[in-house]
Amino acid sequence: MELSLHRLRMLRELHRRGTVTAAAASLHYTASAVSQQLAQLERDVGAKLFERLGRRVQLTELGMVLTEHAEEILRSVERATMALEEAQEGVTARLTAGVWASVASGLLPFALTALAKEHPGIEVRTKELAPEETAGAVRDGALDFSFVIDYSDYPMPWDPALTRVVIAVERLHAAVPRGAVPASTVGLPDLAEHPWILAGPRSHFGRAVRLACQRYGFEPKINHEVGEQATALAMVAAGLGVTLVSDLGLSLRPPGVDIVALTEPPMRTVSIAHRTASARPSLQLVIDAVRAAAAEQGLGAAAPLP
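Start counting the sequence shown at 2; every next residue gets the next number (our numbering).
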């Protein structure tokens, strides 16, 4: 019997999530692909590992036995990877990171260029996800690390199985149509009468901005609800409303958008999250490169968080 690590990881996610669709979403595969791989795992083992109960899937007794061993096997592989890296004179590794637009465009290119010069054996691949999804993907093993955010008005709930290291501290700025706000600085209440372009209230960013506005006694009048910061800025450039944008998000600004400083700007902290049990040498080198890139842009980082 030959057991595929890839399929064992899928079995573990099936046990955690309860449905093939949820397991597939956590691993960024289609449900059809996961179903096919799990069916192949049953053929590899020669036994029935799960059974369907309506929309949910329940593991059989043999499925539970294999899942328990899968957890240990996958942890052992992670420990072996760490040991091999520590034994090498020059670090060689491939890491997969969860990113979102402003990090991918405003920070990562500088960090990875510097990393390639100093440590050419380290390859970093990226997957763009919503900021709300990245920490969970790290916890579940789909990513080696991810960028995560906390807003001053809306800190992120934290998973004790993950470690986070602060990379940058950003201010939020007002992004307004050209000439719409003649002052060099503005308070959030001064924007209360403008139409807003903002992410939905379930997004971390959308919720944080709404809370910041509520703190000043108003609800933003949201005419356009969009998820992508680049889309929001394009709509600002067209004169359709105002929004907020972070320091790193300024790299996405199109012509026709004025950036106005806020008198008491909401702040956000950008961190790298990784599994506490997976402090690989290559990961630390990546963290160092990203923190250096952030420092060069004037975005100072604090000490590692617990």
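For every residue, glycine included, the Cβ atom is placed at its ideal position computed from N, Cα and C.
Bear in mind that the values here come from a model prediction, so they are computed numbers and not experimental data.
Under 8 Å, Cβ to Cβ, is there at least one residue of chain C near residue i?
{"i": "proline 221", "result": "Reference to chain C is not applicable here, since this structure consists of a single protein chain."}
CA-CA distance, residue i and residue j?
{"i": "glutamate 119", "j": "arginine 95", "result": "15 Å"}
{"i": "asparagine 224", "j": "alanine 176", "result": "15 Å"}
{"i": "glutamate 124", "j": "valine 261", "result": "38 Å"}
{"i": "alanine 184", "j": "histidine 174", "result": "13 Å"}
{"i": "arginine 216", "j": "threonine 31", "result": "42 Å"}
{"i": "leucine 4", "j": "serine 33", "result": "20 Å"}
{"i": "arginine 8", "j": "glutamate 43", "result": "10 Å"}
{"i": "valine 170", "j": "proline 266", "result": "12 Å"}
{"i": "glutamate 134", "j": "phenylalanine 148", "result": "10 Å"}
{"i": "methionine 268", "j": "aspartate 45", "result": "52 Å"}
{"i": "glutamine 41", "j": "arginine 80", "result": "27 Å"}
{"i": "leucine 39", "j": "serine 106", "result": "37 Å"}
{"i": "proline 202", "j": "glutamate 194", "result": "19 Å"}
{"i": "proline 19", "j": "threonine 68", "result": "Residue identity check: residue 19 is glycine in the sequence provided, not proline. So the alpha carbons of these two residues sit roughly 13 Å apart."}
{"i": "glycine 47", "j": "glycine 64", "result": "11 Å"}
{"i": "glycine 207", "j": "valine 58", "result": "34 Å"}
{"i": "serine 252", "j": "alanine 278", "result": "34 Å"}
{"i": "glutamate 220", "j": "arginine 211", "result": "7 Å"}
{"i": "threonine 264", "j": "isoleucine 198", "result": "20 Å"}
Name, in chain order, the residues that DSSP records as bridge partners for residue i.
{"i": "isoleucine 260", "result": "Ala176"}
{"i": "tyrosine 152", "result": "Tyr155, Arg269"}
{"i": "alanine 136", "result": "DSSP lists no partner for alanine 136."}
{"i": "leucine 163", "result": "Arg276"}
{"i": "lysine 128", "result": "Gly99"}
{"i": "serine 147", "result": "Gly99, Ala274"}
{"i": "valine 58", "result": "Arg53"}
{"i": "serine 77", "result": "For serine 77, which the question treats as bridged, DSSP gives no partner whatsoever."}
{"i": "glutamate 229", "result": "According to DSSP, which records beta bridges pairwise, glutamate 229 is partnered with nothing at all."}
{"i": "lysine 222", "result": "Pro196"}
{"i": "glutamate 94", "result": "A quick correction: the sequence has alanine, not glutamate, at residue 94. Answer by DSSP bridge pairing, in chain order: Ile123."}
Under three-state DSSP, which class holds residue i?
{"i": "proline 196", "result": "strand"}
{"i": "glutamate 171", "result": "strand"}
{"i": "phenylalanine 205", "result": "The sequence shown places histidine at residue 205, not phenylalanine. Looking at histidine 205 - three-state DSSP - the assignment turns out to be helix."}
{"i": "glycine 242", "result": "coil"}
{"i": "lysine 344", "result": "Any answer about residue 344 is impossible in this case: the structure gives the chain only from 2 up to 307."}
{"i": "valine 287", "result": "helix"}
{"i": "valine 187", "result": "strand"}
{"i": "alanine 181", "result": "coil"}
{"i": "serine 247", "result": "strand"}
{"i": "glutamate 72", "result": "helix"}
{"i": "glutamate 297", "result": "helix"}
{"i": "histidine 29", "result": "coil"}
{"i": "leucine 4", "result": "coil"}
{"i": "arginine 216", "result": "helix"}
{"i": "threonine 82", "result": "helix"}
{"i": "leucine 9", "result": "helix"}
{"i": "glycine 64", "result": "helix"}
Here's the rule: buried if 16 or more other CB atoms are within 10 angstroms of the residue's CB, otherwise exposed. What is residue i?
{"i": "leucine 130", "result": "buried"}
{"i": "histidine 205", "result": "buried"}
{"i": "histidine 16", "result": "buried"}
{"i": "glutamate 14", "result": "buried"}
{"i": "leucine 12", "result": "buried"}
{"i": "glutamine 230", "result": "buried"}
{"i": "valine 100", "result": "buried"}
{"i": "alanine 304", "result": "Its pLDDT being 41, under 50, alanine 304 is placed unreliably in this model, and the value from its coordinates should be taken loosely. It is exposed - the Cβ of alanine 304 has fewer than 16 other Cβ atoms within 10 Å."}
{"i": "phenylalanine 51", "result": "buried"}
{"i": "serine 77", "result": "exposed"}
{"i": "glycine 240", "result": "exposed"}
Would you say the segment 155-165 touches the segment 173-181, given that touching needs at least three Cβ pairs under 8 Å? Judged by Cβ distances under 8 Å, the segment 155-165 makes no contact with the segment 173-181, as fewer than three pairs qualify.
The segment 233-242 contacting the segment 97-115, beta-carbon criterion three pairs below 8 Å: With the cut-off at 8 Å, the segment 233-242 and the segment 97-115 do not touch.
Report yes or no: do three or more beta-carbon pairs, one from the segment 282-294 and one from the segment 152-160, lie closer than 8 Å? Contact between the segment 282-294 and the segment 152-160 is absent: fewer than three C-beta pairs spanning the two stretches fall below 8 Å.
Touching by the beta-carbon criterion (3+ pairs, under 8 Å), the segment 189-199 and the segment 237-254: Yes, they touch.
Under 8 Å, with one C-beta from each stretch per pair, do the segment 138-152 and the segment 215-230 reach the 3-pair mark? No contact exists between the segment 138-152 and the segment 215-230.
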